[in-house]
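Protein chains in written order, with the working numbering: chain A, -9 to 240; chain B, 7 to 159.
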């Protein structure tokens, strides 16, 4: 971010930017930076905290009249918590336990069953928000059977048929379908009533430690890493977050 | 909560190891007062309109985001999985507060909002983005922008 700010300033544009990792901003020598103590992925604060987000935005804009030289200002407030008194978040929809199902048909069916349990909440989210973030693979919730077939097939070592609407070939397609299905799961999970919106780590822990999709993504990650195709071997780091590299039970 | 000390150790170490390129500071720019500023957003979250091309791994190019873009038309194809997307999924303002910027323009706190905004994918080494940054700089100047707000993800 800081590098891009320097490049834009060379064009005569004054810049101010959000810093999420103070150590990086210190190293790159900022123009005007506002360091915020928020989760990666939430530079203006949590969702639906409009007054808080506006305050962050005003804090960033305030650097223009106040900074007389390179500046890192610290935003003084933590992000509003998501009802911490109610304990850790758990997905209200009871999903079947993961087992060691082998064979692509069994895996495909378990993944389809899981997605079917979450679909009503995905549809609720889509209706309430008027949008979905699915679609980066070229496929959407209407093609979920095709998406599941690709992931279960690749995870099981089967030949995979690329769906007609997909915007990439294998093996890259597996990564972007995984991203789309994760969006489906997270949009469903965050639509459910109960204890506020789950935090990012809670969502990742749920997906990678409890769901069939998480199990399938680990299997795909391992197949890509062991592939003889150099393109495939570059993809594993884009499948599983670094904080969840170690599969549960390993 | 992005204090490296509180992140999972493997992840914090990976973040510490990211090399930071050195940049020579450009001459200091003093923008006009905020009430006269024309403000644009520049995001490195890998967002774009659904009809636009997704970003690929290693992308150094950029996407334009018209000021009247609908939230329902916004997608994110950033290659990294090491940040939260659920905030964006629930509320675009979490990463791209265009609606809030318009609120500040309507109240006179800023002069105006740019006609176009820009998005890149921040996983790429910024020193490889020079060509895109120069193009965006020209486009911002052409739009009369005096202040750019940059946000990572």
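For every residue, glycine included, the Cβ atom is placed at its ideal position computed from N, Cα and C.
Residue i to residue j span [Cα, whole Å]
i                      : j                      : result
residue 128 of chain A : residue 155 of chain A : 6 Å
residue 126 of chain B : residue -2 of chain A  : 13 Å
residue 47 of chain B  : residue 96 of chain B  : 20 Å
residue 122 of chain B : residue 148 of chain B : 10 Å
residue -5 of chain A  : residue 139 of chain B : 9 Å
residue 188 of chain A : residue 79 of chain A  : 6 Å
residue 9 of chain A   : residue 136 of chain A : 40 Å
residue 73 of chain B  : residue 25 of chain A  : 26 Å
residue 170 of chain A : residue 70 of chain A  : 28 Å
residue 87 of chain B  : residue 63 of chain B  : 12 Å
residue 45 of chain B  : residue 106 of chain B : 12 Å
residue 239 of chain A : residue 40 of chain B  : 55 Å
residue 32 of chain A  : residue 49 of chain B  : 12 Å
residue 124 of chain B : residue 71 of chain B  : 6 Å
residue 112 of chain B : residue 103 of chain A : 49 Å
residue 145 of chain B : residue 16 of chain B  : 40 Å
residue 116 of chain B : residue 37 of chain B  : 12 Å
residue 155 of chain B : residue 77 of chain B  : 19 Å
residue 200 of chain A : residue 58 of chain A  : 51 Å
residue 236 of chain A : residue 220 of chain A : 23 Å
residue 128 of chain B : residue 107 of chain A : 35 Å
residue 215 of chain A : residue 194 of chain A : 21 Å
residue 157 of chain B : residue 90 of chain A  : 42 Å
residue 116 of chain A : residue 174 of chain A : 10 Å
Classification of residue i by the beta-carbon crowding that lies within 10 angstroms, buried from 16 upward
i                      : result
residue 131 of chain A : buried
residue 196 of chain A : buried
residue 59 of chain B  : exposed
residue 184 of chain A : exposed
residue 83 of chain B  : buried
residue 122 of chain A : buried
residue 205 of chain A : buried
residue 29 of chain A  : buried
residue 83 of chain A  : exposed
residue 19 of chain B  : exposed
residue -8 of chain A  : buried
residue 54 of chain B  : buried
Span of the alpha helix (DSSP H), counted from its first residue to its last, around residue i
i                      : result
residue -4 of chain A  : -8 to -1
residue 7 of chain A   : Unbroken run through residue 7 of chain A is the beta strand (DSSP E), 4 to 9; no alpha helix (DSSP H).
residue 15 of chain B  : 15 to 22
residue 137 of chain B : 136 to 148
residue 219 of chain A : Unbroken run through residue 219 of chain A: none, as it is neither H nor E.
residue 43 of chain A  : 40 to 51
residue 90 of chain A  : It is not in any alpha helix (DSSP H) - residue 90 of chain A carries neither H nor E in the DSSP assignment.
residue 144 of chain A : 134 to 145
residue 101 of chain B : It is not in any alpha helix (DSSP H) - residue 101 of chain B carries neither H nor E in the DSSP assignment.
Extent of the continuous beta strand (DSSP E) run through residue i
i                      : result
residue 55 of chain B  : 53 to 55
residue 69 of chain B  : 69 to 72
residue 166 of chain A : Counting along the chain, residue 166 of chain A falls outside any beta strand (DSSP E), though it belongs to the alpha helix (DSSP H) covering 162 to 179.
residue 49 of chain B  : 44 to 49
residue 61 of chain A  : 61 to 64
Residue i beta carbon near the ligand ADP (any heavy atom closer than 7 Å)
i                     : result
residue 40 of chain A : Absence of the ligand ADP is noted for the structure shown, with no ligands found whatsoever.
Pair every Cβ in the stretch 179 to 197 of chain A with every Cβ in the stretch 86 to 96 of chain B, then say whether three or more of these pairs are closer than 8 Å. When C-beta atoms of the stretch 179 to 197 of chain A are compared with those of the stretch 86 to 96 of chain B, three or more pairs fall below 8 Å, so the two segments count as touching.
Quick one, which residues of the stretch 14 to 25 of chain B are near chain A if we go by CB-CB under 8 Å, in chain order? Listed in sequence order: 14, 16, 17, 20, 21, 22, 24.
Given 8 Å, three or more beta-carbon pairs between the stretch 21 to 37 of chain B and the stretch 7 to 14 of chain A: Using a C-beta cut-off of 8 Å, the stretch 21 to 37 of chain B makes contact with the stretch 7 to 14 of chain A, since at least three inter-stretch Cβ pairs fall below that distance.
Which residues of the stretch 79 to 109 of chain A have a Cβ closer than 9 Å to any Cβ of chain B? Give them in chain order. Under the 9 Å Cβ criterion, the stretch 79 to 109 of chain A contributes no residue.
Cβ contact (3+ pairs, closer than 8 Å) linking the stretch 53 to 64 of chain A and the stretch 94 to 109 of chain A: By the Cβ test, the stretch 53 to 64 of chain A is not in contact with the stretch 94 to 109 of chain A, since fewer than three Cβ pairs between them sit closer than 8 Å.
Which of the residues in the stretch 27 to 47 of chain A, read from start to end, lie with their CB under 9 Å from any CB of chain C? The displayed structure is made up of protein chains A and B, and chain C is not among them.
Can you find at least 3 beta carbon pairs, one from the stretch 112 to 124 of chain A and one from the stretch 139 to 146 of chain A, that sit closer than 8 Å? The stretch 112 to 124 of chain A, when compared against the stretch 139 to 146 of chain A, does not touch it at the 8 Å Cβ threshold.
Members of the stretch 189 to 219 of chain A near chain B, C-beta cut-off 7 Å: With the criterion set as a beta carbon lying under 7 Å from some beta carbon of chain B, the members of the stretch 189 to 219 of chain A are 190, 193, in sequence order.
Meets three-Cβ-pair contact criterion under 8 Å: the stretch 41 to 52 of chain A and the stretch 156 to 165 of chain A: Judged by pairs of C-beta atoms under 8 Å, the stretch 41 to 52 of chain A does not touch the stretch 156 to 165 of chain A, as fewer than three such pairs exist.
Select from the stretch 163 to 182 of chain A all residues with a C-beta closer than 7 Å to any C-beta belonging to chain B, and list them in chain order. Of all residues in the stretch 163 to 182 of chain A, 173, 176, 177, 180 have a Cβ within less than 7 Å of some Cβ in chain B.
Just by C-beta distance, which residues in the stretch 142 to 154 of chain B are closer than 7 Å to chain A? Flagged, chain order: 142, 143, 144, 146, 147, 151, 152, 153, 154.
When Cβ atoms are compared, which residues of the stretch 125 to 136 of chain A fall closer than 9 Å to chain B? Listed in sequence order: 125, 126, 127, 128.
Report the residues of the stretch -8 to 22 of chain A with a CB closer than 7 Å to any CB of chain B, ordered along the chain. Hits within the stretch, in order: -7, -6, -5, -4, -3, -2, -1, 0, 1, 2, 3, 4, 5, 6, 7, 8, 10, 11, 13, 14, 17, 18, 19.
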